[in-house]
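Notes for the one structure printed next.
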Amino acid sequence: MGVQIGKNASTPDDIDSVVADYVYCVKRLARYADVLVVNVSSPNTAGLRDLQAQAPLTAILKAVVKAAGETDRKVVPRVMVKVSPDEREAKQVEGICNAVWDSGVDGVIVGNTTKRRPAPVPAGFMLPAEEERILREEAGGYSGPQLFEGTVDLVRKYREELDKGKGGERKTVFGSGGVTNGKEALKVLEAGADMVQVYTALVYGGAGTLTKIKHEMRREIDRNTPRSD
0 MGVQIGKNAS TPDDIDSVVA DYVYCVKRLA RYADVLVVNV SSPNTAGLRD LQAQAPLTAI
60 LKAVVKAAGE TDRKVVPRVM VKVSPDEREA KQVEGICNAV WDSGVDGVIV GNTTKRRPAP
120 VPAGFMLPAE EERILREEAG GYSGPQLFEG TVDLVRKYRE ELDKGKGGER KTVFGSGGVT
180 NGKEALKVLE AGADMVQVYT ALVYGGAGTL TKIKHEMRRE IDRNTPRSD
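First residue of the sequence shown? That's 0 in numbering that gives the first Met the number 0, and the numbers climb one at a time after it.
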């Protein structure tokens, strides 16, 4: 089971207070978790994304890894850090990957919802003007199919940067953002992800979405696998 942790919106911005929030969550929840997800990328908590800078992120992740390692259970939980799709410049990706290596975190989840506002619906579809205005101006994170191409690109960037890392250890990458079908899931895996996560498609398509995507992946693999007769 994955358990996601983050700082409170009311917590002061000094790094000691922030670290204390994350460690508190680990101590209360790690015993139930197979994977702890360190969320530093929610667009709904003021100042949270500033914690993706290398120095504060390293401090948070080191503290979480240490606390997770002290969990009273036979197998301690893995630790992943969930990053923003909006921090995609080379230096930003490099800094986050350095924090991953320096802290001993197991991997990266790419990524969360975006603060950006892509076209609200795919090309060829129309929305009433008032609905389009609301979508454009509302606060919070944007999710859904319009994030897909950016997800593939960012997964590739993280895989390439993480594979330059220390000691030859392969870090895990989860790809999340805009995946709605099996073909798209395979593209995320081909870009370097070890696992694909689905959120918006599951909300609108129901529990059967996962089975549907798996069947589509199998058909796509079979279609592209040479036959030896």
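Virtual Cβ for every residue (Gly too), placed ideally from N, Cα, C.
Query raised in the report: Between the beta-carbon of residue 67 and the beta-carbon of residue 19, is there less than 7 angstroms?
Result: As a first step, residue 67 is located in the sequence shown; it is residue number 68 there, counting from the start. As a first step, residue 19 is located in the sequence shown; it is residue number 20 there, counting from the start. Not closer than 7 angstroms, so no.
Requested in this report: Given a cut-off of 7 angstroms, decide if residue 105 and residue 57 are closer than it, judged by their beta-carbon atoms.
Outcome: Working through the sequence shown from its first residue, we reach residue 57 at position 58. Working through the sequence shown from its first residue, we reach residue 105 at position 106. No, the Cβ-Cβ distance between residue 57 and residue 105 is not below 7 angstroms.
Requested in this report: On the DSSP bridge assignment, give the partners of residue 178 in chain order.
Outcome: Numbered from its first residue, the sequence shown carries residue 178 at position 179. Its beta-bridge partners do not exist; DSSP assigns none.
Requested in this report: Pull up the distance between the alpha-carbon of residue 87 and that of residue 110, whole angstroms please.
Outcome: For the purposes of this step, residue 87 is identified with residue 88 of the sequence shown, where counting begins at 1. For the purposes of this step, residue 110 is identified with residue 111 of the sequence shown, where counting begins at 1. Whole-angstrom Cα-Cα distance: 10 angstroms.
Query - Cα-Cα separation, residue 206 to residue 177 - result: As a working mapping, residue 206 is identified with position 207 in the sequence shown. As a working mapping, residue 177 is identified with position 178 in the sequence shown. So the alpha carbons of these two residues sit roughly 17 angstroms apart.
Report task. Going by CA-CA distance only, name the one from 79, 115, 84 that's closest to residue 100. Result -> Reading the sequence shown from its first residue, position 101 is the one you call residue 100. With distances taken between Cα atoms, residue 100 lies closest to 79.
**Report entry** Environment of residue 247 [buried if 16+ CB atoms lie within 10 Å]
**Finding:** For residue 247 there is no data in the structure shown, the boundaries of the chain being 0 and 228.
Query raised in the report: Which residue or residues does DSSP assign as beta-bridge partners of residue 107?
Result: By 1-based counting over the sequence shown, the position of residue 107 is 108. Paired residue(s): 80, 172.
Report task. List the whole-angstrom C-beta distance separating residue 32 from residue 5, where the pair is believed to meet the contact cut-off of C-beta under 8 angstroms. Result -> Counting from 1 along the sequence shown, the entry for residue 32 is found at position 33. Counting from 1 along the sequence shown, the entry for residue 5 is found at position 6. Contact doesn't hold; Cβ gap of about 14 angstroms is too wide.
Report task. Tell whether a beta-carbon distance below 7 angstroms holds between residue 107 and residue 157. Result -> If you number the sequence shown from 1, residue 107 lands on position 108. If you number the sequence shown from 1, residue 157 lands on position 158. Yes.
Query raised in the report: So the beta strand (DSSP E) residue 51 belongs to, where does it begin and stop?
Result: The residue you call residue 51 lines up with position 52 of the sequence shown. Per DSSP, residue 51 belongs to no beta strand (DSSP E) and is neither H nor E.
Query raised in the report: Can you round the beta-carbon distance between residue 95 and residue 51 to whole angstroms, since I take them to be within the 8 angstroms contact cut?
Result: In the sequence shown, the residue the question calls residue 95 occupies position 96. In the sequence shown, the residue the question calls residue 51 occupies position 52. Contact flag correct, Cβ pair sits at about 6 angstroms.
Query raised in the report: Terminal residues of the continuous alpha helix (DSSP H) containing residue 149?
Result: Taking the sequence shown and counting its residues from 1, the one referred to as residue 149 is at position 150. 147 to 161 is the span of the alpha helix (DSSP H), which, as asked, contains residue 149.
Query raised in the report: Can the beta-carbon of residue 36 be found closer than 7 angstroms to that of residue 3?
Result: Sequence index remark: in the sequence shown, residue 36 carries index 37 (1-based). Sequence index remark: in the sequence shown, residue 3 carries index 4 (1-based). Taking 7 angstroms as the Cβ cut-off, residue 36 and residue 3 qualify as a contacting pair.
Query raised in the report: Taking the Cβ atom as the reference point for each residue, do residue 152 and residue 113 lie within a distance shorter than 7 angstroms?
Result: As a working mapping, residue 152 is identified with position 153 in the sequence shown. As a working mapping, residue 113 is identified with position 114 in the sequence shown. It is not a contact, given that the beta carbons lie outside the stated cut-off.
**Report entry** Unbroken beta strand (DSSP E) run spanning residue 38, endpoints
**Finding:** Here residue 38 refers to the residue found at position 39 when the sequence shown is read from its first residue. 34 to 38 is the extent of the beta strand (DSSP E) around residue 38.
**Report entry** Per DSSP, the bridge partner or partners of residue 141
**Finding:** For the purposes of this step, residue 141 is taken as the residue at position 142 of the sequence shown. Per DSSP, 113.
Requested in this report: Quick one: measure Cβ to Cβ for residue 62 and residue 34, integer angstroms, because I've assumed they're closer than 8 angstroms.
Outcome: Indexing the sequence shown from 1 puts residue 62 at position 63. Indexing the sequence shown from 1 puts residue 34 at position 35. That pair is no contact at about 17 angstroms.
Requested in this report: Can you say whether residue 11 is buried or exposed, counting buried as having 16 or more other CB atoms within 10 angstroms of its CB?
Outcome: Against the sequence shown, residue 11 aligns to sequence position 12. Exposed, because fewer than 16 other Cβ atoms sit within 10 Å of the Cβ of residue 11.
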